[in-house]
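> First the structure, which I've put down as structure tokens, then a few questions once you've had a look.
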Amino acid sequence: SSPAACTAQASRGRLQGMSTRPVPCSDRPRSFQELRRLSAAELRRLLAREGASDRGCVEKADFVALAAQVLKLPEVVESQDYEVVVCEEDDRCRRPPAAQPEQQPPTVLQELATGFPAAEPPPRSRSLSLRTEWSHMRSQSPSRSRKDSRSRSRSGHRERSDVGLDTMKITADDAALLTNAKTQEKIARAADADIELVRQDLILEFRGNHTQRRRARKYAGIVMKQRMGPHFITDEFDDGDLTVLSVPPDVVGYVQGQGGNVLRSIEEEWGTLMVFIDTDLSRAQRLAIFGGVRGRRGSELKVLSAVETKMMGYFSSIRDEVVNRDKYKDPSGTWGTDTMTFRDEGEISYALGKQGGTRRKLERSSGSIVQYVGMVAICSGTKVERTRAREYMKWLFQQLEGPVYVDGLELREDCTVVDIPGDCIGYITGNRRATLGALEEEWGTLMFFMNESEDKGRGRGGTEKLAIFGPQRPRRGSELKVMSGIETKSPGFFTRGLKEKTSDRKGFDTDRMILRDDELSYALGKDGATRKKLELASGAILQYVGYVAFVAGNLKERRRCREFVQWLLQQRRGSVTIANISERDDVTEVHIPTNCKGWVT
């Protein structure tokens, strides 16, 4: 490159509205081979200096192709392993500085590969007591970061609808490894893609959009290489789906479990892929976690909780790095992490609950990730989810000091209020709250009795308000279960004057069906077994409140459930005929020989 060419390129950047600083020609790669020797982090910095956006480029091959185009290098060679996506010189790759995303600090892998130090984390806020408040996630420019995150989500490959098929040729040994359905399912869940093994042809097929197929191919390669032992993963593998966590050598075995069963259970719970990538067992081992933002954070906190159990104080040494990881990197642009510190073992024991039941209820009802690492409660999720988790935790501890009351329950989107007759409160609550706790565990909700005044509804004729918190579907399931129990103890309390109802709303709604006594008994089954089968097969919520069947779900689920109930009742009088079986997508037809009919049924 000549000095004249460098000046012309800088002038061209200024004419396009970009603030480009002069780059010495000696710092630029002069050939495609020099370009390929750079790491992904160095390529990002090179593109930034040239005034080109790296939006749409996720792997090193993408950065190489874009940099070669920007620098006008004569030769462009495609990667043999991955399809190269070249960013054209349009609005996706060149835009004014105001719309450019904030430059992210190098990852742990980038730091190791390039030798550049990671950016200094922001100063850690002091640990706050449980009784005061949570330590909220902070940044220097949250509004700008949220805006940039949303911009990246709209323009990146995740939003592309180019669903297609990729294939990978594998060996017989690899095919034997991937024959296990759990291994295929693990890769598919982590990549959010469909995977199928054609064993006779030794071909692995990937279906999904561009990013999903690429990640599925990458994860399959990692799993196949694992059988030969740990291997080093460079920063080329990080396309926004990787978290690297350092695990002290003394607790690696505890984290892995016997035969790796602990890691496998975490992978199954959170839909991630987890591998140790170091071979020197005398040093801290790096654990690579692949998957989506939510799955990676859930897996990371689970591992950290286990490490802190064996090595107290380890989390405090990496607290800032963990808390500030993946800020705003979700579709809503509000992803973050809040923390708070428990005062003593009594508080954390109460917040954990029996066998972790209270923590799981907090997690499911709020939608956020709630994990306890030592004496610190960590909550990760969107802004709405984290706010709900903080509120629910506060109300849990308020229960220890007396009744809980929250203003404006009727205005909240995450709350349903049920009036409970005073003489049924003990029946619904159960001994030491056992019945209510079982309902919360079943549906993933939180329930509190709330009264504004000192008057309680425990006397004859009075009522008390039961507030149910959580997502809409679990709230409705919990509400109908409570209504069913009350109707058993106080017939007619909810069903007096009720009529049948059928809704045409496509979204979530509730239909009602009136059943006769003999029909109700048949549709319920022994210990409610028939009701559970109808509910499971239709995907809807089915609950009997007195003689009324409540069917909750979307339009398709409600219609299917009503049909199943009608067919079940018709079956009592003889055979059931279904005319449009070929047009349904919820049925598999199996032909049974006449002489085998009795044996099958």
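Note that full-length UniProt numbering numbers the sequence shown so that position 347 is 347, with each residue one more than the last. Where a beta carbon is used, it is the ideal one built from N, C-alpha and C, also for glycine. Note that the coordinates shown come from a computational prediction; the quantities given were computed from them, not determined experimentally.
(1) For K506 and M393, I'd like the C-alpha separation in whole angstroms.
(2) Less than 8 Å between the beta carbons of N451 and E442, yes or no?
(3) Just verifying my parser: in three-state terms, what is the DSSP assignment at L281?
(4) May I ask you to report which of helix, strand or coil DSSP gives V247?
(5) Would you grab the beta carbon distance between A540 and R512 for me? Rounded to a whole angstrom, and I think it's under 8 Å.
(6) In three-state DSSP terms, what is D326?
(7) Let me check one thing: in DSSP terms, what residues is R207 bridge-paired to?
(8) Please classify M312: does DSSP put it in a helix, a strand, or coil?
(9) Helix, strand or coil, according to DSSP, for F494 in the structure here?
(10) At what residues does the beta strand (DSSP E) containing A549 begin and finish?
(11) Measure the alpha-carbon distance for F63 versus S39 and round it to whole angstroms.
(12) Ordered along the chain, which non-local residues of its own chain (more than five positions away) have a Cβ less than 8 Å from that of residue 677?
(13) Kindly indicate which residue of P474, K383, K526, V418 has the alpha-carbon position closest to the one of T445.
(14) Quick check on the DSSP output: the alpha helix (DSSP H) that includes E391 runs from which residue to which?
(15) Can you round the beta-carbon distance between L197 and A176 to whole angstroms, since I take them to be within the 8 Å contact cut?
(16) Please report the distance separating the alpha-carbon of L66 from that of A41.
(17) How would you write the range of the alpha helix (DSSP H) that A175 sits in, first residue to last?
(18) On a Cα-Cα basis, can you pick out the residue from K310, R516, C596, K481 that is closest to Q566?
(19) Rounded to whole angstroms, what's the CA-CA distance from R49 to D192? Just pull it up for me.
(20) Return yes when the Cβ of L439 is within less than 8 Å of the Cβ of T429, no when it is not.
(21) Quick one: using the 10 Å Cβ neighbour count with 16 as the cut-off for buried, is L400 buried or exposed?
(22) Ordered along the chain, which non-local residues of its own chain (more than five positions away) have a Cβ less than 6 Å from that of R584?
(23) Quick check: what's the CA-CA separation for A288 versus S265?
(24) Distance, Cα to Cα, R28 vs L35?
(25) Where does S149 land, buried or exposed, given buried means 16+ other C-beta within 10 angstroms?
(26) Counting along the chain, where does the beta strand (DSSP E) carrying Y372 start and finish?
(27) Following the continuous alpha helix (DSSP H) through P474, name the residue where it begins and the one where it ends.
(28) If the criterion is Cβ atoms closer than 8 Å, does the pair L569 and E519 meet it?
(29) Sort H210, D194, R360 by Cα distance to L204 and report the nearest one.
(30) Skipping 5 residues on each side, what residues in its chain have a beta carbon closer than 8 Å to that of R199?
(31) According to DSSP, what are the bridge partners of E464?
(32) Which residues mark the beginning and the end of the alpha helix (DSSP H) in which G357 is found?
(33) So, helix, strand or coil for M228, using DSSP?
(34) Can the beta-carbon of P421 be found less than 8 Å from the beta-carbon of F493?
(35) Using a 10 Å radius around the Cβ and a threshold of 16 neighbouring Cβ atoms, would you call C596 buried or exposed?
(36) Buried or exposed: which applies to W599, given that a residue is buried once 16 or more other Cβ atoms fall within 10 Å of its Cβ?
Walking through what the data contain:
(1) For the purposes of this step, residue 506 is taken as residue 506 along the sequence shown, with counting starting at 1. For the purposes of this step, residue 393 is taken as residue 393 along the sequence shown, with counting starting at 1. About 34 Å.
(2) Here residue 451 refers to the residue found at position 451 of the sequence shown. Here residue 442 refers to the residue found at position 442 of the sequence shown. Contact: no.
(3) As a first step, residue 281 must be located in the sequence shown, where it is residue number 281. Correct three-state label for L281: coil.
(4) To locate residue 247, count along the sequence shown from 1; it is residue 247. V247: strand per DSSP, three-state reduction.
(5) In the sequence shown, the residue the question calls residue 540 occupies position 540. In the sequence shown, the residue the question calls residue 512 occupies position 512. With a Cβ gap of about 13 Å, A540 and R512 do not count as contacting.
(6) Numbered from 1 along the sequence shown, position 326 holds the residue referred to as residue 326. If DSSP states are grouped into helix, strand and coil, D326 belongs with coil.
(7) Within the sequence shown, numbered from 1, the residue matching residue 207 stands at position 207. In the DSSP output, where bridge partners are listed per residue, R207 has L165, D194.
(8) The sequence position of residue 312 within the sequence shown is 312, counting from 1. Three-state DSSP puts M312 in coil, outside helix and strand.
(9) Position 494 of the sequence shown, counted from the start, is the residue given in the question as residue 494. Coil.
(10) As a first step, residue 549 is located in the sequence shown; it is residue number 549 there, counting from the start. Taken as a continuous stretch (DSSP letters only), the beta strand (DSSP E) holding A549 covers 548-553.
(11) Position 63 of the sequence shown holds residue 63. Position 39 of the sequence shown holds residue 39. In a straight line, the C-alpha of F63 is about 10 Å away from that of S39.
(12) It is not possible to answer for residue 677, since the shown part of the chain is limited to 1 through 601.
(13) Mapped onto the sequence shown, residue 445 falls at position 445. For the residues P474, K383, K526, V418, the minimum Cα distance to T445 belongs to P474.
(14) One-based indexing of the sequence shown puts residue 391 at position 391. Segment 383-398, the alpha helix (DSSP H) holding E391.
(15) Numbered from 1 along the sequence shown, position 197 holds the residue referred to as residue 197. Numbered from 1 along the sequence shown, position 176 holds the residue referred to as residue 176. That pair is no contact at about 10 Å.
(16) Counting from one through the sequence shown, the residue named residue 66 turns up at place 66. Counting from one through the sequence shown, the residue named residue 41 turns up at place 41. Approximately 14 Å, taken between the alpha carbons.
(17) The residue given as residue 175 occupies position 175 in the sequence shown. That run of the alpha helix (DSSP H) goes 172-178.
(18) Residue 566 sits at position 566 when you count from the first residue of the sequence shown. The residue with the shortest Cα to Cα distance from Q566 is R516.
(19) On the sequence shown, residue 49 is found 49 positions in, with the first residue counted as 1. On the sequence shown, residue 192 is found 192 positions in, with the first residue counted as 1. Rounded to whole angstroms, R49 to D192 spans 35 Å at the Cα level.
(20) Residue 429 sits at position 429 when you count from the first residue of the sequence shown. Residue 439 sits at position 439 when you count from the first residue of the sequence shown. No, they are not a contact pair.
(21) The residue given as residue 400 occupies position 400 in the sequence shown. When all chains shown are included, L400 counts as exposed.
(22) Start at 1 with the first residue of the sequence shown, and residue 584 comes out as number 584. Excluding residues within five positions, none has a Cβ falling inside 6 Å.
(23) Counted from its first residue, the sequence shown places residue 288 at position 288. Counted from its first residue, the sequence shown places residue 265 at position 265. A288 and S265: Cα-Cα distance of roughly 16 Å.
(24) Position 28 of the sequence shown holds residue 28. Position 35 of the sequence shown holds residue 35. If you take the alpha carbons of R28 and L35, they lie about 9 Å apart.
(25) In the sequence shown, residue 149 corresponds to position 149, counting from 1. Summary for S149: the model assigns pLDDT 36, below 50, so the residue's position carries little reliability, and this model does not support an answer.
(26) Counting from one through the sequence shown, the residue named residue 372 turns up at place 372. Run containing Y372: 369-373, per the beta strand (DSSP E) assignment.
(27) For this step, residue 474 is matched to residue 474 along the sequence shown. Segment 472-489, the alpha helix (DSSP H) holding P474.
(28) One-based indexing of the sequence shown puts residue 569 at position 569. One-based indexing of the sequence shown puts residue 519 at position 519. The answer is yes: Cβ separation under 8 Å.
(29) Here residue 204 refers to the residue found at position 204 when the sequence shown is read from its first residue. The shortest C-alpha separation from L204 is found at D194.
(30) Counting from 1 along the sequence shown, the entry for residue 199 is found at position 199. Excluding sequence neighbours, R199 sits near A175, T179.
(31) Along the sequence shown, one-based indexing puts residue 464 at 464. Answer is I420.
(32) Counting from 1 along the sequence shown, the entry for residue 357 is found at position 357. First-last of the alpha helix (DSSP H) with G357: 357-366.
(33) The count along the sequence shown starts at 1 and reaches residue 228 at position 228. Coil.
(34) Working through the sequence shown from its first residue, we reach residue 421 at position 421. Working through the sequence shown from its first residue, we reach residue 493 at position 493. For P421 and F493, yes; Cβs fall inside 8 Å.
(35) Against the sequence shown, residue 596 aligns to sequence position 596. Exposed is the call here.
(36) Position 599 of the sequence shown, counted from the first residue, corresponds to residue 599. Its Cβ having fewer than 16 others within 10 Å, W599 is exposed.
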